[in-house]
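Protein chains in written order, with the working numbering: chain A, 1 to 120; chain B, 1 to 888.
Ideal Cβ positions, reconstructed from N, Cα and C, are used throughout, including at glycine.
This report concerns only the one structure given below.
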């Protein structure tokens, strides 16, 4: 499936990337390129989305029924694939977000005493 | 499928879209269109891989890839026919050996009887201090009628020496006499006619009906559709065949497949009076019960034990020696599951034998796997460049390991299929080896799901064992040096060598374990074969004689026997002839009896059992047993003269010490001293009675012409090949009286050999396993050494250039193979000693830690290993320094 280093990176990103995709689609249906772009822009280019992870993640979400894919026409009248958040995906986003908050909070609590300047 | 396809189309479009947009973005950033497109592609990365990984989300990909791998593997194997043949054949041997032994274990221990709810069936066994015992018919009736735990119980007894004749053609059959509920309890119906009903057990004697097996119906009657109602004569009674059992049913006993069943009430037709059915102390039946639903074995045992006490109390103490009677009363009742069938003598020891063989076969498979792993390591090094390239262009390591493992699995599955076929006839061959004497062992070896599952598991396990390490090792590469072709040969080999050596060491160690075990078993067989049993087994012909078939009785039979013997000795080439009730070394089932001995006061409960044989005059001469004191039986000993006996040396020593036993008296315990009393007229050399392994028991020989006798075995010592006199024997006996039945010709040597069937099987199979193991270990050693020589060509060249001579180079390489060998032996030795202790019960005439056998095993292994190391070592000495130095 992938070499060792890359797999480690995916594991790190997997849940998170799913969450970010769902969050991006909350703003409305859009295509793959836009999703990647949106994540990069909104994270001020801190997060680079690898296509190697993006597409498997998109299809994983389709398979779980959290997003759907459909044909559409894009802004400049070109046919494109649009990914859309489903009702189940919307519910899942809430779950995933609260999970993420818990995780982030927990990590922050562990890190704070060591790194005094960390203000979240 | 279609959804997946649609999704893949979506994906492709979206990827195209993505790249176009990215290109567009790049152009907007000021790149030239060409530049922009390249940058976009670069950013996107490996399109194929993204597609592949996305496709995996839609599962089933693994299956698709599996097929790809299988096809790829098959292509690879096809391109290397040498490797493939060796790998498949050795693995097939390993898996086949395991499957063969397992199919025997399955037939003996695991396979359920093909009857109704076999798990409810239990077997009753009475266990006393001297082993297990069967049951009497009155006892059976009590268990059956008085218990609260079984819905019903059946009884089954053997019909020994059963002669059947149909339309005047006689043959001997395997027959059983069974209770009327036998078939209904088992839930076995008839495929033609009917089986027995409970009425068959109440109609006394006038109910000469029989049920035959499917196999006998086929063999003797060729599926004759009008079989029901046909007559068959069993011994002297005409029976009517009323039914045929179904094809899969071969009776409830493990190891036997009866041809014919008759109802219990016909017992008097087969035995002399008094009827066995009336005797509470005649134990000849096996009992099987069907537990009521919800009743456990322990609960069943508790209930039946109460009845068991009553049954024992029914046995009159009259006629029993107190010690024997006490033993009888101390019998416990055991209730064991009979879901696989009734266990009767042989299968019990068989399960131990089979467990040992299974362990040996397992070791062989391990060695095979080690060998194959070594071969694969070699192959992996050849394929290094291919694998490195595939890794470099982005193949996942896991994916590659999976592909390599699939290739191994293809090998293992192919080998498993061949192994399964070979196992079938190997199993049949083993059963034949185990079938001692005239009663062939019947085991159902048809592959069932369990056997298939076992073979499958063996193949999978083998794949993991031989395939995993090379696959992991083969894909763990430092890419840069490998791709720089010249360095390939150095970098990777070093790591392979360690693993390869480890595999060879373990092969040597395991081979030593097998070789040592086989050595012990072969020497046990040799010890038993060359042991002096106390008689001379050479040139003695044995056959069954029965003058009673013509309706003769009592003195008339004796007269016929005397005439037969007189005629036989006139045949040229015959030195002497005699008769006996028992042939020595029957493998069990001797006749024993408790005695009183004149002038000997037994301690309370002293064991006064002696073994008995009834023989004719010149028996000792015919068997080559020298008389030590006194005289043989003679024609002067008749039914009206004093009853005489010859005893063996062990008995003389035991009861009379150094006194002369001639003229002393003894008799049967519990019988009137004036009625039966024997006078000792001779002492004969000790000889084995039941088995070759036993201590010679106290034995007495009685004169067969002083009592009423039935069928006997005749012994004829010839000065020429015994088989050559058979036709003349038949003629002479026919000349005496045409109604005398003669048959079952064999020689005493064959007869004794037959008793070693078990030992021979163990020696043969363990020898085969060990031979295979040593061969494989040598192939492994050879491979590793050949590899080492190739790797060190350069070094050897330098050494030779610096003045090393051939002997030194030879020593260098042989030393290395010797070291591997020594480490293997050092590891294998303690394991072999522990393993030998586990089979100590199988050994005879040597200790489990026999140093001679161990030395032999180590020497043999060392010799063969030296040979395996010598060939590459010689090649090393042929190295031309000039060529070697230019190498690499």
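DSSP on residue 466 of chain B, reduced to helix/strand/coil?
-> helix
Inter-residue Cα distance where the pair is residue 3 of chain B and residue 397 of chain B = 29 Å
Name the two residues that bound the continuous beta strand (DSSP E) containing residue 901 of chain B.
-> Since the displayed chain B opens at 1 and closes at 888, residue 901 of chain B lies outside it and no answer follows.
Using 10 angstroms around the beta-carbon of residue 41 of chain B, count the other beta-carbons present and answer buried if the total reaches 16, otherwise exposed.
-> exposed
Looking at the unbroken beta strand (DSSP E) that takes in residue 595 of chain B, where does it start and where does it end?
-> 591-597
Which chain A residues are close to residue 58 of chain B, counting only those with a beta carbon under 8 Å from its beta carbon?
-> 59 and 63
Spatially closest choice to residue 369 of chain B from B:503, B:864 and B:530, by CA coordinates = B:503
Of the residues B:149, B:714 and B:372, which one's Cα is nearest the Cα of residue 463 of chain B?
-> B:372
Report all residues from its chain with a CB closer than 7 Å to the CB of residue 100 of chain A; omit the five preceding and five following residues, and keep chain order.
-> 19
Looking only at its own chain, which residues have a Cβ that is under 8 Å from the Cβ of residue 105 of chain A, when we skip the five neighbours before and after it?
-> none
Does DSSP put residue 18 of chain B in a helix, a strand or coil?
-> helix
Would you say residue 474 of chain B and residue 404 of chain B are within 9 Å of each other, going by their C-beta atoms?
-> yes
Proximal chain A residues relative to residue 46 of chain B, where beta-carbon distance stays under 8 Å = 52
Tell me whether residue 857 of chain B sits in a helix, a strand or coil according to DSSP, three-state version.
-> helix
Could you give the distance in angstroms between the alpha-carbon of residue 121 of chain B and the alpha-carbon of residue 429 of chain B?
-> 31 Å
For residue 351 of chain B, collect the residues of the same chain with a Cβ closer than 7 Å to its Cβ; drop the 5 residues on either side in sequence, then sort them by chain order.
-> 108 and 109
Inter-residue spacing [alpha-carbon to alpha-carbon] between residue 573 of chain B and residue 743 of chain B | 20 Å
DSSP state of residue 202 of chain B mapped onto helix, strand, coil | coil
In DSSP terms, what residue 169 of chain B is bridged to = B:166
Less than 8 Å between the CB atoms is what I'm expecting for residue 624 of chain B and residue 535 of chain B, so what's the real figure, rounded?
-> 5 Å
What does a CB cutoff of less than 6 Å around residue 414 of chain B pick up in its chain, not counting 5 residues either side in sequence?
-> 88
With a floor of 4 residues, list each alpha helix (DSSP H) that falls wholly inside the region 728-801 of chain B, ordered by position along the chain.
-> 748-754, 757-791 and 793-801
Inter-residue spacing [alpha-carbon to alpha-carbon] between residue 34 of chain A and residue 41 of chain A = 10 Å
Are any of the Cβ atoms in chain A nearer than 9 Å to that of residue 446 of chain B?
-> no
Rounded Cβ spacing between residue 877 of chain B and residue 806 of chain B (contact assumed at less than 8 Å) = 4 Å
Does any CB atom of chain A fall closer than 9 Å to the CB of residue 28 of chain B?
-> no
Going by beta carbon distance, what residues of the same chain come within less than 7 Å of residue 230 of chain B, once the five residues before and after it are set aside?
-> 241
Per DSSP, residue 679 of chain B is paired with what?
-> B:644 and B:665
Is the distance from the Cβ of residue 758 of chain B to the Cβ of residue 585 of chain B below 9 Å?
-> no
Since residue 84 of chain A contacts residue 70 of chain A with CB under 8 Å, what's their CB separation in whole angstroms?
-> 7 Å
6 Å Cβ shell around residue 845 of chain B - same chain, five flanking residues per side excluded | 527
Under the three-state reduction of DSSP, which class applies to residue 560 of chain B: helix, strand or coil?
-> helix
Compute the beta-carbon to beta-carbon distance between residue 687 of chain B and residue 622 of chain B, rounded to the nearest angstrom, for a pair I have assumed lies under 8 Å.
-> That belief does not hold up - the Cβ atoms of residue 687 of chain B and residue 622 of chain B are roughly 13 Å apart, past 8 Å.
Of all the CB atoms in chain A, is at least one closer than 9 Å to the CB of residue 85 of chain B?
-> no
Could you give the DSSP three-state label for residue 532 of chain B: helix, strand or coil?
-> coil
Looking only at its own chain, which residues have a Cβ that is under 8 Å from the Cβ of residue 555 of chain B, when we skip the five neighbours before and after it?
-> 639
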